[in-house]
Amino acid sequence: MPDARNRLTALDALRGLAALGVVLFHYLPYYDRLYNHSFSSPGFLDFGRYGVHLFFMLSGFVIFMTLERTRTSGQFALARAFRLLPALWAGIALTYLMVHWLGPEDRMVSFDAALMNLTLLHEYLGYPHVDGAYWSLVIEATFYVWIALLFYGLGDWRRIRPILWAWVLVSYAGVIWWKAIPDALDFLLKDLLFVRYAPLFISGMVIYRAYHDRRLPAVDIALLAVSIGHCLVAYKAPFNIFVLACYGIFALAVAGYLNVLSRPSLLWLGSISYTLYLVHQNIGYGLIDLTYQAGLPGQLGVALALAVAIALAAVLHYGIEKPALAYYRQWRANRPTPTARTVIAAEHPQE
Numbered sequence: 001m002p003d004a005r006n007r008l009t010a011l012d013a014l015r016g017l018a019a020l021g022v023v024l025f026h027y028l029p030y031y032d033r034l035y036n037h038s039f040s041s042p043g044f045l046d047f048g049r050y051g052v053h054l055f056f057m058l059s060g061f062v063i064f065m066t067l068e069r070t071r072t073s074g075q076f077a078l079a080r081a082f083r084l085l086p087a088l089w090a091g092i093a094l095t096y097l098m099v100h101w102l103g104p105e106d107r108m109v110s111f112d113a114a115l116m117n118l119t120l121l122h123e124y125l126g127y128p129h130v131d132g133a134y135w136s137l138v139i140e141a142t143f144y145v146w147i148a149l150l151f152y153g154l155g156d157w158r159r160i161r162p163i164l165w166a167w168v169l170v171s172y173a174g175v176i177w178w179k180a181i182p183d184a185l186d187f188l189l190k191d192l193l194f195v196r197y198a199p200l201f202i203s204g205m206v207i208y209r210a211y212h213d214r215r216l217p218a219v220d221i222a223l224l225a226v227s228i229g230h231c232l233v234a235y236k237a238p239f240n241i242f243v244l245a246c247y248g249i250f251a252l253a254v255a256g257y258l259n260v261l262s263r264p265s266l267l268w269l270g271s272i273s274y275t276l277y278l279v280h281q282n283i284g285y286g287l288i289d290l291t292y293q294a295g296l297p298g299q300l301g302v303a304l305a306l307a308v309a310i311a312l313a314a315v316l317h318y319g320i321e322k323p324a325l326a327y328y329r330q331w332r333a334n335r336p337t338p339t340a341r342t343v344i345a346a347e348h349p350q351e
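So for the sequence shown, UniProt numbering puts the first residue at 1; every next one is plus one.
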């Protein structure tokens with residue numbers, strides 16, 4: 001295996017590339033379907049929508065790193081809250097105001113809906129997203145709740161593993177019989193268990209186990225294989241093959257074979273990927289509409305939207321996301337050291 005010292009930085013670069021792919025998908029082929037561009041865009045950009053699936057794999061991988069460094073469920077909840085919510089709240093406020101100023105009109109939501117978006121429970125309560133990209137954040141937050149319950153409730157990976165097996169198998173059944181899911185199970189399977197996406201998170205967790213332990217028992221290898229295979233039945237061709245390729249790229253990055261991606265520009269893009277995801281879609285649509293209304297070429301509108309989205313993402317990253325994380329880390333560092341009994345209890349939850 002190559003020098004592994006910097007191999008995880010390649011994951012940051014992949015996160016940046018995935019975010020850029022999602023943005024270009026929204027600005028070009030997806031905008032064209034919704035509102036019509038004056039020009040055609042390359043067909044391969046349709047694959048950009050599946051950059052979110054790479055985010056889900058990365059989340060599964062990274063979440064176990066976070067869990068193993070966090071002693072209690074309360075600390076985990078705080079860490080996730082400081083990581084996600086300050087930038088999210090700023091992104092919601094910014095998007096709400098700019099969409100009401102620029103449009104598009106069909107992307108405007110009520111003030112009540114914007115307030116509910118602050119909780120990430122809005123979709124479950126029937127409120128629209130302030131930005132269309134927020135659907136995946138609801139899934140992310142739900143995943144954090146489930147994995148925290150499993151990790152802090154069961155602790156031992158050997159106890160967690162059967163539940164993950166069951167979740168993956170239910171996910172297969174859910175996507176195979178998607179249209180036949182009874183109404184009584186619809187919310188549970190499609191929303192709370194998000195059966196179209198759960199194996200992406202689970203495979204990321206198993207890949208983290210391989211990275212951390214430098215080996216995998218046969219039962220985990222089988223779980224990984226079945227989790228990866230889910231994409232072949234969950235998504236239509238050729239997009240399922242693209243997601244399968246994302247798995248390969250992800251595994252190569254973890255193994256240290258894609259350190260060539262660890263370039264300053266890509267790492268910087270990875271650092272702002274979360275805030276870019278938060279503010280790009282609807283604000284970008286408003287800016288593209290504005291250029292069309294001014295009689296300017298659509299390509300210029302896309303370039304303007306991309307530049308503004310990156311600029312806003314950088315402002316939120318450096319002005320809100322990083323300071324919030326720094327504040328939380330400082331607060332943690334200044335807290336009293338736990339008692340010996342607490343430390344011993346926290347250090348032995350796993351095999």
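Cβ coordinates follow ideal geometry from the N, Cα and C atoms, glycine included.
Give the straight-line distance between the Cα atoms of residue i and residue j, rounded to the nearest whole angstrom.
| i | j | result |
| --- | --- | --- |
| E321 | F76 | 17 angstroms |
| V206 | W167 | 14 angstroms |
| Y327 | Y274 | 18 angstroms |
| R215 | R209 | 8 angstroms |
| A4 | Y211 | Residue placement at A4 is poorly supported in this model, since its pLDDT is 44, which falls under 50; the coordinates are not used for a value here. |
| L11 | V243 | 16 angstroms |
| P217 | L258 | 25 angstroms |
| L118 | V138 | 11 angstroms |
| T339 | A333 | Only weak support exists for where T339 lies, its pLDDT of 47 falling under 50; the value from the coordinates is given anyway. Their Cα atoms are separated by approximately 15 angstroms. |
| A13 | L252 | 13 angstroms |
| A311 | A294 | 22 angstroms |
| L8 | L296 | 42 angstroms |
| P29 | F47 | 10 angstroms |
| G74 | P86 | 18 angstroms |
Hey, residue i and residue j: beta-carbon distance below 8 angstroms or not?
| i | j | result |
| --- | --- | --- |
| residue 353 | R15 | Given a span of 1 to 351 for the chain in the structure shown, any question on residue 353 remains unanswerable. |
| N36 | D131 | no |
| R161 | V226 | no |
| G60 | G204 | yes |
| G103 | G286 | yes |
| Y277 | A19 | yes |
| I221 | L164 | no |
| H280 | V109 | no |
| S171 | H230 | yes |
| G174 | L189 | yes |
| G298 | Y292 | yes |
| Y31 | I288 | yes |
| R83 | L325 | yes |
Is any beta-carbon of chain D found at less than 8 angstroms from that of residue i?
| i | result |
| --- | --- |
| Y235 | No chain D is part of this structure, which consists of one protein chain only. |
For the alpha helix (DSSP H) that residue i lies in, which residues bound it at each end?
| i | result |
| --- | --- |
| A255 | F239 to A255 |
| S271 | P264 to S271 |
| W177 | From DSSP, W177 is part of no alpha helix (DSSP H); its letter is neither H nor E. |
| Y292 | Q281 to Q293 |
* Three or more C-beta pairs below 8 angstroms linking the stretch 295-304 and the stretch 45-56 -> The stretch 295-304 vs the stretch 45-56: no contact.
* Quick check: the stretch 260-273 against the stretch 58-70, are there 3 or more CB pairs under 8 angstroms? -> No, they do not touch.
* To do: Determine, using beta-carbon pairs with one atom in the stretch 143-160 and one in the stretch 25-41, whether at least three such pairs fall under 8 angstroms.
  => Taking one beta carbon from each stretch, the stretch 143-160 and the stretch 25-41 have fewer than 3 pairs nearer than 8 angstroms; the two do not touch.
* Asked: Counting Cβ pairs, one atom from each stretch, are 3 or more of them under 8 angstroms apart for the stretch 80-95 and the stretch 116-131?
  -> Of all C-beta pairs linking the stretch 80-95 to the stretch 116-131, three or more are shorter than 8 angstroms, placing the two stretches in contact.
* If you scan the stretch 56-121 from start to end, which runs of the alpha helix (DSSP H) of 4 or more residues do you find wholly inside it? -> The qualifying runs are 73-102 and 111-117.
* **Three or more C-beta pairs below 8 angstroms linking the stretch 233-241 and the stretch 179-190** => Taking a cut-off of 8 angstroms on C-beta distances, the stretch 233-241 does not touch the stretch 179-190, as fewer than three cross pairs fall below it.
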